[in-house]
Amino acid sequence: MKKRHKSTIARAKHIKAVTALHYEAGNQAKCYRAVWRHWIEPEFGICYRTYLAYLGIDPDTEPDNRQDGQPTLFG
């Protein structure tokens, strides 16, 4: 799994929250593309493919940026 920036993880969390509010399975007026068209694209300015990639990110299982065994600059 590749390391992602904190801002990418935060953006993915926000996109998932907006999608959870407006997505409805089985309703074509509230499908992923409709949610992207009406809510995500105007706010974030990302394409549909990037939107689907952000939906695939699980922020809770992302590794930390620095592990315990890694040396630090100041100490």
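Just so we're aligned, residue 173 is where the sequence shown starts under our numbering, counting upward by one.
For every residue, glycine included, the Cβ atom is placed at its ideal position computed from N, Cα and C.
Computed from a predicted model, the values in this text were never measured in an experiment.
Evaluate residue 184 with the Cβ neighbour count: other Cβ atoms within 10 Å of its Cβ, from every protein chain shown; 16 or more gives buried, anything less gives exposed. buried
Range covered by the alpha helix (DSSP H) that runs through residue 215: 213-216
Output the distance between the C-alpha atoms of residue 197 and residue 233, rounded to the nearest integer angstrom. 25 Å
Within 10 angstroms of the Cβ of residue 223, are there 16 or more other Cβ atoms? Answer buried if so, exposed if not. buried
Cβ neighbours of residue 231 in the same chain (closer than 7 Å, five flanking residues each side left out): 181, 184 and 185
7 Å Cβ cutoff met for residue 226 and residue 207: no
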